[in-house]
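A quick write-up on the structure given underneath.
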Amino acid sequence: MIKENQKLLNLFHVVLDALIIAFSFFAAYELRFDRDSFLVRYHVIKPPMGYYFSRSQYMEILLFIIPCYILIYYFCDLYDPKRTGRRSELYCLLKANAFGMIYTTAMLYFINQTNFARLFLGLFVILNVTIDYAIRLIIFAFLKKMRREGRNQKHVLLVGYSRSAIEYIDRLRSHPEWGYYVHGILDDNESDKTIYRNVPVFGTIDELPGILATNKYDEVAITLSISEFSKLENIIDICEKAGVYTKFVPDYHQIFPAKPYTEDLDGIPVIHLRHVPLSSSLNNLIKRIFDLTASGLGLIILAIPMLIIAAIIKSTSKGPVIFSQVRVGLHNREFKMYKFRSMYQQDPKAEVKKWTTKDDPRVTPIGRFMRRTNIDELPQLFNVFIGNMSLVGPRPERPYFVKQFQQTIPRYMIKHQVRPGMTGWAQVNGYRGDTSIEKRIQYDLYYVENWTFRLDIKILFLTFFGKKVNENAY
Numbered sequence: 000m001i002k003e004n005q006k007l008l009n010l011f012h013v014v015l016d017a018l019i020i021a022f023s024f025f026a027a028y029e030l031r032f033d034r035d036s037f038l039v040r041y042h043v044i045k046p047p048m049g050y051y052f053s054r055s056q057y058m059e060i061l062l063f064i065i066p067c068y069i070l071i072y073y074f075c076d077l078y079d080p081k082r083t084g085r086r087s088e089l090y091c092l093l094k095a096n097a098f099g100m101i102y103t104t105a106m107l108y109f110i111n112q113t114n115f116a117r118l119f120l121g122l123f124v125i126l127n128v129t130i131d132y133a134i135r136l137i138i139f140a141f142l143k144k145m146r147r148e149g150r151n152q153k154h155v156l157l158v159g160y161s162r163s164a165i166e167y168i169d170r171l172r173s174h175p176e177w178g179y180y181v182h183g184i185l186d187d188n189e190s191d192k193t194i195y196r197n198v199p200v201f202g203t204i205d206e207l208p209g210i211l212a213t214n215k216y217d218e219v220a221i222t223l224s225i226s227e228f229s230k231l232e233n234i235i236d237i238c239e240k241a242g243v244y245t246k247f248v249p250d251y252h253q254i255f256p257a258k259p260y261t262e263d264l265d266g267i268p269v270i271h272l273r274h275v276p277l278s279s280s281l282n283n284l285i286k287r288i289f290d291l292t293a294s295g296l297g298l299i300i301l302a303i304p305m306l307i308i309a310a311i312i313k314s315t316s317k318g319p320v321i322f323s324q325v326r327v328g329l330h331n332r333e334f335k336m337y338k339f340r341s342m343y344q345q346d347p348k349a350e351v352k353k354w355t356t357k358d359d360p361r362v363t364p365i366g367r368f369m370r371r372t373n374i375d376e377l378p379q380l381f382n383v384f385i386g387n388m389s390l391v392g393p394r395p396e397r398p399y400f401v402k403q404f405q406q407t408i409p410r411y412m413i414k415h416q417v418r419p420g421m422t423g424w425a426q427v428n429g430y431r432g433d434t435s436i437e438k439r440i441q442y443d444l445y446y447v448e449n450w451t452f453r454l455d456i457k458i459l460f461l462t463f464f465g466k467k468v469n470e471n472a473y
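Structure follows, in structure tokens:
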């Protein structure tokens with residue numbers, strides 16, 4: 000039933016998209032060329048001057064635009080069923096309209112109709128994307144409500160009782176708005192008395208052909224444990240012969256990253272165990288240019304405040320103003336990280352093996368304030384400028400603790416595949432100082448595997464305005 004519903008929904012989307020394109024085209028014409036439009040009235044745009052095509056002349060090219068746009072929408076996956084998020088749909092919509100505008104511009108050039116107003120085309124794109132996305136959000140909200148009520152369900156059968164099966168069920172139970180209903184599990188090792196969250200094991204894998212022949216499942220999710228992967232080829236063959244949509248939920252995601260990078264080696268798929276976006280020369284260059292620019296400006300703008308802070312430190316306690324400490328950075332290389340001294344002088348050999356804790360007696364009164372406000376980190380702008388560090392990245396640790404964590408925390412050393420940062424994803428989520436190292440590494444690995452320039456900007460914003468960044472600063 001769900002397949003027929005999806006076909007009807009796709010047809011509805013096609014008709015609706017065609018109407019939205021036509022409406023956006025008409026509305027863009029009115030906004031651009033009607034002298035009484037609110038854009039002209041409030042001086043957002045200038046009123047039309049000289050000769051311009053009539054409404055009917057503009058509307059004629061809709062005969063070429065609508066079919067092409069629908070085709071572009073199809074190739075940009077806008078008619079694929081999506082149950083778990085709207086961001087990807089917005090991206091696809093923006094991409095489709097970009098391709099659509101390239102097509103429209105090229106078509107106007109080849110039919111020698113170059114007098115169409117560029118501002119009109121810009122208004123059309125803005126209206127089309129905005130209206131279409133708003134309508135899709137409304138439809139998504141409506142379908143979400145239906146699925147929560149048990150309608151428009153996608154019926155699923157699991158093959159294999161494993162960690163991945165348990166986690167898959169947990170996710171679906173946590174998000175009833177996705178509209179998945181798991182009927183049961185087939186497994187060769189569990190008894191038919193096994194039930195997990197009301198999902199029973201009701202047969203063995205050998206029964207799969209008969210079950211698929213007599214039941215109308217929308218999809219089969221293969222959730223075999225690693226030890227049973229030898230059965231995978233046969234199960235896929237059975238599902239394909241039955242014509243049922245099949246998913247594979249691997250039981251090795253604890254080993255592999257969330258977004259593994261796959262390379263085609265002359266027809267052989269090669270899965271890279273760790274995808275690090277900053278291993279790209281272009282991404283690394285973008286980040287380095289931003290670091291150089293921001294740290295250089297920061298050192299200039301903050302020069303006088305830093306001199307004042309240095310004078311206060313010097314006058315309130317004995318010892319150097321700048322404190323340097325060896326940390327482990329990119330590719331496991333050691334470097335000296337600089338900070339304003341916030342503690343009384345102590346034995347360097349003892350200092351390298353001890354955490355700073357709450358109400359630590361080693362911290363000076365002015366040091367306590369600096370640590371709470373992160374002022375003590377300002378000299379690290381110099382580390383960023385010379386390339387030891389970045390503005391954003393996993394916080395670097397002392398060699399003594401790195402050797403400890405390397406042995407006790409899986410995947411700890413992966414954080415050293417990128418430059419360490421003055422602030423990071425773990426810190427803005429409250430994991431700094433004497434907090435869970437395991438949790439901190441989870442956030443650091445997320446950053447390493449999912450880096451984007453936008454994520455860096457978000458972390459910098461949260462560093463200054465977030466609520467959690469100073470929770471454990473002492």
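Going by my numbering, the first residue of the sequence shown is number 0, and it counts up by one from there. Idealized CB from N, CA, C, for every residue including glycine.
Item, Value
"Bridge partners - Ile184, DSSP secondary structure assignment", "Leu157 and Val200"
"Cβ neighbour criterion (16 or more within 10 Å) applied to Lys414", "buried"
"Outcome for Gln379 when other beta-carbon atoms lying within 10 angstroms are tallied against a minimum of 16", "buried"
"Inter-stretch contact at 8 Å, needing at least 3 Cβ pairs: the stretch 231-242 / the stretch 208-218", "yes"
"Ile374, enclosing beta strand (DSSP E) - first and last residue", "Run containing Ile374: none; DSSP gives neither H nor E here."
"Minimum C-alpha distance to Pro409 - residue among Gly420, Glu437 and Phe339", "Glu437"
"Own chain, CB closer than 8 Å to Tyr78, minus 5 neighbours either side, in chain order", "Asn9, His12, Val13 and Tyr72"
"Met305: first and last residue of the uninterrupted alpha helix (DSSP H) it sits in", "Ala302 to Thr315"
"As assigned by DSSP and simplified to three states, the class of Ile60", "coil"
"Segment contact flag, the stretch 321-332 with the stretch 289-302, C-beta cutoff 8 Å, min 3 pairs", "no"
"Distance between Leu70 and Tyr102 (C-alpha atoms, nearest Å)", "12 Å"
"Spatial neighbours of Asp290 in its chain, beta-carbon cut-off 6 Å, leaving aside the 5 residues before and after", "Val383, Ser389 and Leu390"
"Which residues DSSP lists as bridging Asp76, in chain order", "Note: Asp76 sits in no beta bridge, so no partner."
"Leu171 beta carbon less than 9 Å from that of Tyr179", "yes"
"Status (buried if at least 16 other CB within 10 Å, exposed otherwise) for Gly392", "buried"
"Cβ neighbour criterion (16 or more within 10 Å) applied to Thr422", "buried"
"Beta-bridge pairing of Thr222 - partner residues as DSSP gives them", "Thr222 pairs with nothing; no bridge assigned."
"Leu223 beta carbon less than 9 Å from that of Gly183", "no"
"Beta-carbon spacing of His154, Tyr216 below 9 Å", "yes"
"Nearest-angstrom Cβ-Cβ length linking Phe98 and Ser23, presumed shorter than 8 Å", "Wrong, their Cβ atoms sit about 16 Å apart, outside the cutoff."
"Helix, strand or coil at Arg326 [DSSP, three-state]", "strand"
"Among Ile307, Met369 and Asn387, nearest to Glu333 - alpha-carbon criterion", "Asn387"
"Pro398 (DSSP reduced to helix, strand or coil)", "helix"
"Val219 versus Ser226, Ile235 and Arg431, residue with shortest Cα-Cα distance", "Ile235"
"CA-to-CA distance, Glu88 to Pro419, given in whole angstroms", "34 Å"
"Residue from Ile458, Cys75 and Asn449 with nearest C-alpha to Arg273", "Asn449"
"Neighbourhood of Leu277 by C-beta, 7 Å cutoff - its chain only, sequence neighbours within 5 removed", "Asn283, Lys286, Val417 and Trp450"
"Opening and closing residue of the alpha helix (DSSP H) in which Gly209 lies", "Leu207 to Thr213"
"Per DSSP, cross-strand counterpart(s) of Met336", "Gln324"
"Inter-residue CB distance, Phe381 and Tyr337 (contact presumed, cutoff 8 Å)", "6 Å"
"Span of the beta strand (DSSP E) around Ser435", "Careful: Ser435 lies outside any beta strand (DSSP E) and carries neither H nor E."
"Spatial distance of Lys484 from Glu176 (CA atoms)", "Because the chain in this structure spans residues 0 to 473, residue 484 falls outside the shown range and cannot be described."
"Contact check, Ile65 vs Ile20, beta carbons under 9 Å", "yes"
"Inter-residue Cα distance where the pair is Ser316 and Ile365", "9 Å"
"Leu126 classed as buried or exposed, judged by whether at least 16 other C-beta atoms fall within 10 angstroms", "buried"
"The alpha helix (DSSP H) enclosing Tyr427, as first and last residue numbers", "In the sequence as presented, Tyr is not what sits at residue 427; that position holds Val. Start and end: Trp424 to Val427."
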